[in-house]
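Everything below concerns the one structure shown next.
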Amino acid sequence: MTDFEPKIIGFLCNWCSYAGADLAGVSRFQYPPNMRQIRVMCSGRIHPSFILQAFKEGADGVLVAGCHTPNDCHYISGNFKTERRVAILKKLLEQLGLEPERLRLEWISASEGEKFSKTVLEMTNELRKLGPSPIKEE
Amino acid sequence: MEIADIVFWPVAMDIKYKEVENMLDGYIDVCFFNGAIRNSEQEYLAKLLRRKSKILIAFGACAQLGGIPGLANIFSAEEIFETIYHSTPSTNNTLKIEPNESTKIVEGILELPTFYDEVKPLDKIVQVDYYIPGCPPPPKLIIQAVEAIRSNKLPPKGSILAPEIAVCDECPRKKEDKKISEIKRVLDFVPDSEKCLLEQGIICMGPATRGGCDAKCIQANMPCTGCGGPCPNIEEQGAAMISALSTVLGIGEEKDENYSVNNLISQLKDPLGTFYKYTLPSSIIKKRYKK
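From first to last, the protein sequence lines are chains A and B.
Just add 1096 to wherever you are in the first sequence, counting from 1, and you've got the numbering used here.
Just add 1 to wherever you are in the second sequence, counting from 1, and you've got the numbering used here.
What follows is the structure, given as structure tokens:
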């Protein structure tokens, strides 16, 4: 338990958050290596089943990151849709025995490399405290 | 027209499991198996009937998907017993009696099936050849299935014996602009019987549910609750409906001053019971996990 390192799946939108992650790398901001990034065209592309599947396959946390609301989404309203999906999913996860904090939504723009690295660091620390996902333990 | 003999039908015929055990393997041409697997007796019967039947059909939402009893997967067997035999207000069980798997009495030992922790659909226990969806399966689908068996025109194994359409495709209501600002329930108001229920704010599972039922519930002014299981080409019915609802709920209102995601979503009291009413045991996360 003391050596527990969480595995995080990060769904990052192509236009803002993935570019933000890129900037974090180029700017050499330090952050823990716990997140596996998946680039999607829009945060609105992330089907709720992707997130459930990530948890099923052993993710301790899932980050969904997209463009800032209200006006940054490349596809106008994808981020709003994902915001509502994540809100419903958090309630659902709670009913299924997973802490809703394991699912996190952040708006990270292409210029926010620092916010990206801070988000990953915060999330990793929180998940270290929460411990492994109960799904993985079984 | 006589096309078959009924050899086993526990609810209608007086027949013992022993008589099925004595049949040759593959003796039964077709078995319609209803109900999910929750205890050892059901598992035994599923395995027995699989062996004795040439074709095994999961009949109805419980056998196909786990069904409504599958919602109990958010509780363990222990918690269920605690509620049923001890904690409900009308229960008076001062002796703390619970059913045991075996009880010694003067005449010998009485045995009860083992009650499992989890409800499982039939195909998690044995190989299933076909599925007939619905809670209950619509007579039309049953007749079509029997007809297909009789004329030897069954589709490839693994098929669901229902049309490849969504409930919305069969729904006669007028569908216009999918855009709602609040979630309502049928007990809040009498919905317009001509207009799409989802557009009136009622969560209707039609967009995520396989058709074949002629949208019977919707024609009675009640929303679809999803007994047909996932639409063709989607895996997770609940997730698909969460996605669909999130797309239409509050769309275009996000820049309003008093728009709040939390207020919108707090109207949704029971996501699991709404979106996974019939499918929890066959979905991606099949039960409640405990630390």
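Backbone N, C-alpha and C fix where the C-beta goes; we use that ideal spot for every residue, glycine too.
#### Entry: Cα-Cα separation between Glu195(B) and Gly202(B), rounded to whole angstroms
14 angstroms
### Query
When burial is assigned at 16 or more other CB atoms within 10 Å of the CB, is Phe33(B) buried or exposed?
buried
### Minimum Cβ-Cβ distance from Ser152(B) to chain A less than 7 angstroms
no
### Query
For Gln43(B), which beta-bridge partners are listed by DSSP?
Answer is none; Gln43(B) lacks a bridge partner.
### Query
Which value, in whole angstroms, describes the spacing of the CA atoms of Val127(B) and Gly135(B)?
20 angstroms
### Task
Could you run through the segment 277-289 of chain B and flag, in chain order, every residue whose CB is less than 7 angstroms away from some CB of chain A?
Ile285, Ile286, Arg289
### Task
Output the boundary residues of the beta strand (DSSP E) element that contains Tyr131(B).
131-133
### Task
Please name the residue, chosen from Gly1209(A), Lys1232(A), Pro1129(A), Asn1167(A), that lies closest to Asp257(B) on a Cα-to-Cα basis.
Asn1167(A)
### Query
For Pro70(B), which residues of its own chain have a beta-carbon under 7 angstroms away from its beta-carbon, when the five flanking residues on both sides are left out?
Ala37, Arg39, Cys63, Val120
### Task
Indicate whether the contact test is met: 3 or more Cβ pairs, each with one atom in the segment 207-216 of chain B and one in the segment 149-163 of chain B, closer than 8 angstroms.
yes
### Query
Is it the case that the Cβ atoms of Ser283(B) and His1143(A) are separated by a distance below 7 angstroms?
no
### Message
At the level of alpha carbons, what is the spacing between Lys287(B) and Leu1185(A)?
### Response
15 angstroms
### Query
In chain order, what residues of the same chain lie with their CB nearer than 8 angstroms to the CB of Ile133(B), ignoring the 5 residues before and after it?
Phe33, Ile58, Ala59, Phe60, Gly61, Gln65, Leu142, Ile143, Ala146, Ile161, Leu162, Ala163
### Query
Applying a beta-carbon distance threshold of less than 7 angstroms, which residues of chain B neighbour Glu1179(A)?
Val262
### Query
Cα separation between Val107(B) and Thr84(B)?
30 angstroms
### Query
CB Arg1141(A) to CB Ile1105(A), shorter than 7 angstroms?
no
### Task
Quick one: list the residues of chain A neighbouring Ala216(B), beta-carbon separation under 7 angstroms, in chain order.
None at all; the shortest Cβ gap to chain A is about 25 angstroms.
### Message
Looking at Cys225(B): is its Cβ nearer than 7 angstroms to the Cβ of Val187(B)?
### Response
no
### Message
Helix, strand or coil for Leu49(B)? Go by DSSP, reduced to three states.
### Response
helix
### Task
State yes or no: is the beta carbon of Leu273(B) nearer than 7 angstroms to at least one beta carbon in chain A?
yes
### Message
7 angstroms is my cut-off, CB to CB: does Ser1205(A) come that close to chain B?
### Response
no
### Task
Give a yes or no on contact between the segment 78-97 of chain B and the segment 250-267 of chain B, applying the rule of three or more CB pairs nearer than 8 angstroms.
no
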